[in-house]
Every structure is written in structure tokens, then in C-alpha cells.
Amino acid sequence: MKQLFWVGCLDNDAGLRSVGDQAQILAVEHFLQDHFSDYEVKRFYRSQISDFFKCDIHPGDLIFIHSSGDFGDLYPEWHKIRKQIVTKFLLNLVVQLPVSVLYQSAASFEEDKIFFSDKKNFLLLCRSENDATMLSNNFACRVEFFPDFAFYLKPELRNYQREGVLFVLRKDWESSLQSEFSLAVNRVEKPLRVLGRILGKDLLIVARSFAKKLDRRILVDFIKKNFKDATIKDVQVSVLPISDANRQKIVFDVLDFYQHFKLVITDRFHGLVFATLTNTPAIPVKGKIIEKTAVPNFDYNKYFNAFRSILFTKVKNKTESKMLSVDKADYVLNLIKSRRSIRKWKTQKVPENDIQAVLEAGIWAPNACSSQATRFRVAFDPPLIRQVCQFTSPWFRRNLPNKIILVYYDTSKFSLNGWMQRFIWQDTACAMMNMMLMAEALGLKTCWASVNPEEAKQIKRLVRVPESYILTCMLLLGFSDQKVSLDSMHQGNIIRRREYTAYSETAKRI
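Structure (C-alpha cells):
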């Protein structure tokens with residue numbers, strides 16, 4: 094039986110009480126039961142992502158990344174994992190269920206344009222038509238509009254006597270409300286950013302969060318004073334913890350609650366979705382996210398019924414091994430072309446899983462006579478990294494990488510005499526190239542640092558290794574903090590063909 098891996102559901106034990114997010118989980122669960130009963134569905138929450146990566150996944154298995162509002166650099170941690178999934182399973186159809194798209198940085202957007210340019214087995218579904226159009230015009234992967242899965246829910250419509258207005262307004266930093274305090278913060282955005290860099294804190298987020306709380310309080314006081322029939326309640330946040338056991342009851346209780354009101358005014362996307370599901374007129378409070386994901390008025394069922402045909406349209410021939418091989422080759426070539434050496438890194442910590450993947454790539458590098466003599470040591474601690482960098486280029490003394498992988502050759506594992514000594518440098522170089530490409534695929538940036546014999550001796554005293562280990566080079570890596578140009582001196586027609594007379598023919602003439 095084919096497998097369907099449903100990955101990235103938000104964890105119940107993380108204190109998640111967003112009813113909208115839980116409605117998506119419930120709706121996808123119902124949808125898969127109705128439309129993918131011929132697949133064995135395996136669900137993985139975000140906390141279980143390492144378990145997912147260990148799964149035995151075969152060509153023909155499907156991977157669905159759960160719906161969310163975090164495509165882009167607004168929530169970089171999960172977006173990075175999303176890209177790892179797409180990278181690792183190039184031969185599987187990977188579907189990103191409907192997302193909202195938000196980029197704060199033009200550089201991040203350009204980076205993703207390159208990353209997704211060759212992901213031909215990746216289908217990106219956007220729950221906003223504007224987002225779908227924008228990404229279709231910029232990303233080379235498949236991008237389609239598809240409504241939020243919460244629309245798949247079918248609440249029981251009751252004939253309540255509707256009264257009053259329900260205000261569903263966010264209390265968190267994603268609130269769309271902007272009044273005098275928020276506008277004041279916007280006016281001093283640049284000074285706050287500069288001061289934040291000096292203090293090592295994101296003062297802009299702190300200021301905006303506080304300003305939005307004040308703006309909300311002013312609005313709530315205004316509503317209470319001027320609307321006697323108003324109910325102000327963010328029912329999209331549950332007062333109870335939500336689990337698999339009570340998810341359906343809580344979601345449908347909220348849908349039932351909406352049906353008591355004549356009108357809903359909200360700055361929540363799922364506030365509009367719940368209003369639509371319950372035939373309640375709604376007015377969106379304008380803001381960045383709510384405008385981009387405004388709820389269109391059409392028949393959602395036609396999308397859900399056509400989901401499988403949308404899935405396999407334009408990719409049905411990808412099952413041919415020849416085409417898959419071409420896709421894989423294109424991916425590797427583009428990865429090689431996009432790699433650049435950098436010499437300035439952010440302080441952001443590189444996840445342990447990424448280091449493990451980079452090391453694994455190095456271990457699988459070719460080596461002479463299957464000697465398996467290449468060895469690695471990872472410098473994790475900032476004090477050790479700082480000490481090691483004192484014996485390298487001046488660049489690295491000022492801009493420390495997040496991690497350093499020291500690459501050694503263990504001469505006790507292989508007898509190296511005469512011309513065979515070249516294996517020391519060839520084998521470790523192969524490992525370095527493998528690791529650099531894996532780091533690039535994971536969104537990390539690297540620099541290859543050579544060390545002379547004197548430096549190697551000094552570093553050997555810091556990093557205790559056996560006497561038989563020869564340090565040949567080091568891989569400095571982390572998240573880039575410098576702009577990287579994709580222009581290259583290697584562009585153009587640089588492959589020149591020359592014909593040589595075969596040795597055997599020359600010998601005959603002699």
C-alpha cells in the first residue's frame with residue numbers, strides 16, 4: 094500500500110490554542126479519510142520531524158506539508174525545515190498544503206526564487222489568489238491557488254435568533270490594528286533598529302507589540318462606549334488546551350457560537366472563514382495579512398473534489414525514471430552553481446541535525462583504496478571557535494562562524510609512501526566538497542579554510558587528536574550575514590574542445 098506522509102502539524106503540547114489552526118488539522122484529517130483512503134496516512138507533528146526524516150519513503154509515496162501561515166521569512170525556523178524536506182525527497186511529489194505568504198526581506202525572497210527554481214516535484218498551494226499569482230510570476234516550481242482546508246468543514250447550520258455584532262480581534266503581534274501608538278512606532282523604525290543592534294535585542298518587535306496592545310485597548314473602549322449590542326471576544330483562541338480528543342468539539346462549538354450574531358468584524362483570517370462557513374456576514378479589519386488572504390466568494394467544494402487531479406496534472410510523466418534523473422541532475426548542477434564562499438556569519442545557531450547531515454555527506458565521499466581514513470572534529474563552543482580562528486585568515490578573526498568542521502587524515506589507517514601521499518589531500522578535498530554542497534542544500538553558507546603546517550600544529554594543541562592525524566583544511570559554516578552575488582566568472586562558453594591523436598596511432602607511425 095502506498096504511503097502518504099502528512100508532516101508539520103502544530104503540536105498539541107506546545108500550548109497551541111488557535112481554533113483556526115486546529116480547524117485546519119481537523120479538516121485535513123477528514124479530507125484525507127474521504128479522498129485518500131487508498132493510501133496509508135502517517136501524521137507527524139512538528140516536534141516529530143526528526144522521526145519523519147528517518148522514515149523509509151519510496152518513490153510513489155506522497156508528502157504533504159501541513160497548511161500554515163508561515164511561508165516566507167516571517168517564521169524562518171519552520172520555513173527552513175520545509176526546504177529541507179523538499180531537498181531531501183526530490184523524487185517524491187511534495188505538496189505544500191495552502192499557505193499564506195509573507196516576506197519581510199527582499200533578499201530572502203530572492204534566495205527562495207533560486208531555491209525553488211528547480212523543484213519540479215514540488216507543488217505549492219496558496220490560499221490567496223494574489224499570493225498564487227505573485228509566486229507563479231517569480232518561482233519556477235508549480236504554484237496553484239487552493240482555498241484554506243478549513244472550508245472543508247461542514248458545520249450544522251442552526252436557526253438561531255441572530256443578534257448584535259461579534260468583534261473577533263487578535264491580541265498578539267500579528268494583529269492588523271494600527272492606530273496612533275503603532276503609527277508612532279513606525280515613524281521611529283530606523284532608530285529602533287539601530288539601537289536594537291547595539292543592545293542585541295529586536296526593539297522594533299517589542300515596541301510594536303506594546304503599541305498594538307495600547308491601540309487595541311483604545312479600540313475596545315471605543316466599541317464598548319458606542320456599540321451597545323457588541324460582543325468583544327477573540328473566540329479564535331480556546332480557553333481550554335486542545336488535544337486530539339477534544340479538537341472536533343471545540344472547533345464546532347466555536348462555529349456554533351458564530352451563528353448567534355448578525356455580523357462579525359475581525360482581523361483574523363479564520364474569523365472570516367468561520368463567518369463564511371456559518372453564513373454570517375463579515376467585515377475584515379484591513380491589514381497586511383488579512384488583505385492578502387481575504388476570503389473570496391465561490392464554490393469551495395469544486396476545488397476539494399478536483400484536488401487529486403490538480404495534484405497529478407503536469408507531473409504525471411515524472412514517474413519515468415529518465416525524467417526523474419534529469420530533474421535530479423539539474424538540481425545538483427544548480428546547487429553547484431549557486432554555492433558561494435562567504436566570510437561573515439550571523440550569530441544564529443546551526444541546528445544539530447544540519448551538522449549531522451553535513452558530516453554524513455563528508456563520510457560518504459570517495460576515498461583512495463577504500464582507506465576510510467578521513468576524520469572530522471566539530472568545534473561547537475564559541476571560545477574554541479575564537480581560538481581556532483586566531484590561526485587562520487584575518488577575515489575569520491573578526492567574523493566568527495557558528496561552527497567549524499576540522500578535516501583530518503589518519504595516517505595510521507593507511508600506509509602512505511611516495512606518490513601515495515597525495516591521497517591525504519585528495520581524499521579530504523572530496524569530503525570537503527561533499528560537505529559544502531550539503532550545507533548549501535540546507536541553506537547554510539560556508540568557506541573552505543586552508544592551514545599551513547605551523548597553524549596546524551597550533552590548532553592540534555587546542556583540539557586534542559591522535560598524533561597520526563594530519564589537519565588538511567577546515568570548513569567554516571553558519572547562516573550568511575553578507576550579500577552574495579550569483580554573478581560568476583565561470584559564465585559563458587568556457588568549455589573548449591580539442592582533438593588529440595590517439596596514443597596507439599602515434600606509436601604506429603613511429
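Taking this note's numbering, I'd label the letters of the sequence shown as residues 94 to 603. Glycine is no exception: its CB is placed at the ideal position from the N, C-alpha and C atoms.
Handout entry: Coil, strand or helix - residue 473 by DSSP
Key = coil
Handout entry: Outcome for residue 221 when other beta-carbon atoms lying within 10 angstroms are tallied against a minimum of 16
Key = buried
Practice task
Give the straight-line distance between the Cα atoms of residue 453 and residue 559, rounded to the nearest whole angstrom.
Solution key: 22 Å
Exercise for the section: State the start and end residues of the unbroken alpha helix (DSSP H) segment that holds residue 341. Expected result: 340-351
Problem - Same chain only: Cβ atoms within 8 Å of residue 544, ignoring 5 sequence neighbours per side - result: 484, 485, 552, 564, 565, 566 and 567
Exercise for the section: Whole angstroms is fine: what's the gap from residue 123's alpha carbon to residue 190's? Expected result: Computed Cα separation, rounded: 14 Å.
Problem - Secondary structure of residue 463, DSSP reduced to three states - result: helix
Practice task
In the DSSP assignment, find the alpha helix (DSSP H) that holds residue 488 and state where it starts and stops.
Solution key: 487-491
Practice task
In the DSSP assignment, find the unbroken beta strand (DSSP E) run with residue 358 in it and report its ends.
Solution key: 356-359
Practice task
Note down the Cα distance separating residue 100 from residue 139, rounded to an integer number of angstroms.
Solution key: 7 Å
Practice task
If I'm right that residue 496 touches residue 473 with Cβ under 8 Å, what's the distance once you round it to whole angstroms?
Solution key: 6 Å
Exercise for the section: Report buried or exposed for residue 335, applying the criterion of at least 16 other Cβ atoms within 10 angstroms of its Cβ. Expected result: buried
Practice task
For residue 94, name the three-state secondary structure that DSSP assigns.
Solution key: coil
Exercise for the section: Flag this pair as touching only if the region 517-532 and the region 392-407 have three or more C-beta atom pairs under 8 Å; answer yes or no. Expected result: no
Handout entry: residue 546 at chain B interface by Cβ criterion, 8 Å
Key = Structure shown: chain B not included; a single protein chain is present.
Practice task
Out of 540, 449, 211 and 446, state which residue places its alpha-carbon closest to the alpha-carbon of residue 488.
Solution key: 540
Practice task
Determine the contact status of residue 194 and residue 224, defining contact as a CB-CB distance below 8 Å.
Solution key: yes
Problem - the region 303-318 / the region 233-252 touching (three or more Cβ pairs under 8 Å) - result: no
Practice task
Could you spell out where the alpha helix (DSSP H) holding residue 237 opens and where it closes?
Solution key: Looking at the DSSP string, residue 237 is not in any alpha helix (DSSP H); the run it does join, the beta strand (DSSP E), is 235-238.
Problem - Boundaries (first-last residue) of the beta strand (DSSP E) holding residue 513 - result: Per DSSP, residue 513 belongs to no beta strand (DSSP E) and is neither H nor E.
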